[in-house]
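Written out below as structure tokens is the structure these notes cover.
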Amino acid sequence: MNHSERYVFIAEWYDPNASLYRRYELLYYPADGSVEMHDVKNHRTFLKRTKYDDLHLEDLFIGNKVNIFSRQLVLLDYGDQYTARQLGSRKEKTLALIKPDAISKAGEIIEIINKAGFTITKLKMMMLSRKEATDFYIDHHSKPFLNELIQFITNGPVIAMEILRDDAICEWKRLLGPANSGVARADAPGSIRALFGTDGLRNAAHGPDSFACAAREMELFFPSSGVCGPANTAKFTCCTCCVIKPHAVSEGLLGRILTTIRDAGFDVSAMQMEMVAEMYSGPCVALEIQQTNPAKTFREFCGPADPEIARHLRPGTLRATFGKTKIQNAVHCTDLPEDGLLEVQYFFKILDN
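Residue numbers (full-length UniProt numbering): 1 to 353.
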């Protein structure tokens with residue numbers, strides 16, 4: 001690999017002390033994973049070329065938030081034509097929607113998505129209203145089965161995701177398989193609809209057919225105008241909070257962790273990807289967990305905070321299975337029963353609004 005090859009981005013950082021946004025030119029050298037930063041306004045070097053192991057090429061796409069030495073930068077634009085040519089045509093976004101009939105298999109489907117090379121950039125468990133469902137199925141307004149579609153999609157929660165990779169729209173459609181799950185089992189037996197769907201209506205998941213359709217549907221589920229979009233599914237009763245930490249999300253462990261939580265008898269009643277100040281290294285995924293006495297039982301299921309201790313004393317727990325260090329221990333859980341509702345409200349009321 002060419003040691004001098006570099007990708008350039010225009011990035012922005014909010015300076016809380018000065019209460020203003022500062023703009024930088026961020027240079028990334030893929031040969032050795034080093035970074036360099038220049039102050040755009042003052043025309044001077046801000047950070048000399050330095051090796052930085054926590055930034056990877058797959059993190060570099062427009063709109064993403066990256067952490068460089070404890071500064072959270074938003075990537076606004078490509079910094080030169082070479083970067084735009086090399087990376088701009090490669091990354092594409094599309095909508096992945098897990099339908100009500102496959103919510104219980106969300107962990108397995110998300111793991112398939114991660115293994116196929118997709119990056120999940122947005123995620124939210126939602127409950128669609130009839131109007132939102134009608135807007136979603138706008139292309140089927142003249143079809144005789146429209147009411148059946150709307151009744152099905154509003155009958156339970158869905159999980160909407162914005163997913164990213166090269167040629168994302170075509171690759172996601174390939175992963176899904178034919179729209180009818182019966183046909184999928186014959187023609188594409190390894191596809192998501194073959195594995196988790198039932199028929200042409202209850203076919204587990206959805207993906208848009210074109211770039212224009214993807215843009216319209218992503219705007220419906222994740223509006224850019226600042227409004228909230230469809231409501232989350234948090235119940236705020238008999239619940240506790242779990243946060244899947246950024247390192248576990250970036251390592252593609254989200255699906256396996258969700259499956260492990262489900263298999264242990266816990267109900268994930270709400271789910272949302274967030275970027276919070278306390279976890280600057282990347283997006284985390286917040287869950288509302290429901291069960292009898294949820295705070296105590298789920299805390300025990302998470303295990304000791306130190307994964308090494310957990311592996312010796314509680315080998316079947318989440319932190320023993322997925323944790324690496326005391327800091328990167330896969331999940332946060334509510335410690336005190338009285339704090340469970342407060343933490344769930346923080347993620348699913350305060351941040352969501």
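Ideal placement from N, C-alpha and C gives every residue a C-beta, glycine not left out.
Being a predicted model, the structure only gives us computed values, none of them experimental.
Mind checking which residues open and close the alpha helix (DSSP H) that includes residue i?
i                 : result
cysteine 213      : 211-221
phenylalanine 301 : 294-302
leucine 123       : Per DSSP, leucine 123 belongs to no alpha helix (DSSP H); it is in the beta strand (DSSP E), 119-127.
glutamate 111     : 106-115
leucine 313       : 307-313
threonine 321     : 318-322
glutamate 338     : That residue, glutamate 338, is in no alpha helix (DSSP H); it is neither H nor E in DSSP.
Considering only residues of the same chain and omitting the five flanking positions on each side of residue i, which have a CB-CB separation below 7 Å?
i             : result
lysine 122    : Met161, Glu162, Phe222, Met273
alanine 96    : Ile113, Met161, Ile163, Trp172, Ala205, Gly207
glycine 340   : Cys239, Thr240, Cys241, Pro294, Ala295, Thr334
tyrosine 28   : Arg6, Tyr7, Val35, Leu55, Leu60
glycine 255   : Gly107, Glu108, Ile110, Glu111, Asn114
threonine 233 : Met125, Met126, Met127, Pro157, Ser269, Ala270
arginine 314  : Gly303, Pro304, Ala320
threonine 317 : Phe301, Cys302, Gly303, Ala310
arginine 71   : Trp13
arginine 130  : Ile150, Thr154
Got a sec? Which residues, its chain only, sit under 6 Å from residue i by beta carbon, not counting five neighbours each side?
i             : result
isoleucine 62 : Leu75
leucine 26    : Phe9, Ala11, Met37
alanine 184   : Gly177, Pro178, Ser191, Arg193, Ala194
glycine 282   : Pro246, Ser250
glycine 197   : Ser181, Asn203, Ala204
arginine 23   : Glu12, Val40
leucine 57    : Pro30
aspartate 101 : Arg202
lysine 105    : Phe196
proline 230   : Met126, Leu128, Glu132
What first and last residue would you give for the beta strand (DSSP E) that runs through residue i?
i                 : result
phenylalanine 266 : Note, phenylalanine 266: premise wrong, no beta strand (DSSP E); not H, not E.
serine 34         : 34-39
isoleucine 98     : 91-98
alanine 286       : 284-290
In chain order, what residues of the same chain lie with their CB nearer than 8 Å to the CB of residue i, ignoring the 5 residues before and after it?
i                 : result
aspartate 209     : Ile169, Lys173
lysine 93         : Thr121, Glu162, Ile163, Leu164, Ala168, Ala214, Met218
phenylalanine 69  : Leu47, Tyr52
phenylalanine 348 : Asn232, Ala234, Phe236, Ala270, Gln272, Ala286, Glu288
glycine 200       : Ala179, Asn180, Ser181, Gly182
aspartate 80      : Val8
I think residue i touches residue j, with their Cβ atoms under 8 Å apart; what is that distance to the nearest whole Å?
i                 : j              : result
aspartate 352     : cysteine 228   : 6 Å
isoleucine 109    : isoleucine 244 : Not quite, the Cβ-Cβ distance comes to about 16 Å (not below 8 Å), so this is no contact.
valine 40         : leucine 55     : Contact doesn't hold; Cβ gap of about 19 Å is too wide.
lysine 91         : aspartate 166  : 7 Å
leucine 128       : isoleucine 153 : 6 Å
histidine 140     : leucine 149    : 6 Å
phenylalanine 298 : isoleucine 257 : About 13 Å separates the two Cβ atoms, so there is no contact after all.
Exposed or buried, residue i, counting other C-beta atoms within 10 Å across all chains shown (16 or more means buried)?
i                 : result
phenylalanine 136 : buried
serine 181        : buried
asparagine 293    : exposed
threonine 50      : exposed
alanine 205       : buried
isoleucine 159    : buried
histidine 247     : buried
aspartate 32      : exposed
asparagine 147    : exposed
leucine 287       : buried
threonine 325     : exposed
phenylalanine 118 : buried
lysine 266        : First, the residue type needs correcting, since residue 266 is phenylalanine and not lysine in the sequence shown. By the neighbour-count rule (16 or more Cβ atoms within 10 Å), phenylalanine 266 is buried.
proline 144       : exposed
aspartate 15      : exposed
proline 189       : exposed
isoleucine 138    : exposed
glutamate 132     : buried
alanine 18        : exposed
asparagine 64     : buried
alanine 330       : buried
glutamate 343     : buried
isoleucine 350    : exposed
proline 307       : buried
leucine 253       : buried
For chain C, check one thing: does any of its Cβ atoms lie closer than 9 Å to the Cβ of residue i?
i             : result
glutamate 132 : The chain labelled as chain C is not found in the depicted structure, where only one protein chain is given.
Report the residue ranges of all alpha helix (DSSP H) runs contained in full by the segment 179-208; include only those spanning at least 4 residues, in chain order.
Fully enclosed alpha helix (DSSP H) runs of 4 or longer: 181-187, 192-196.
Inside the segment 131-181 only - alpha helix (DSSP H) runs reaching at least 4 residues
Correct list: 146-153, 168-176.
Just to confirm the assignment: which complete beta strand (DSSP E) runs, minimum length 3, are found wholly within the UniProt domain "DM10" (3-91)?
Counting only runs of 3 or more, we get 7-15, 20-29, 34-39, 44-51, 65-68, 71-78.
Mind listing, in chain order, the continuous beta strand (DSSP E) runs of no fewer than 3 residues lying wholly within the segment 228-264?
Complete beta strand (DSSP E) runs here, min 3: 239-244.
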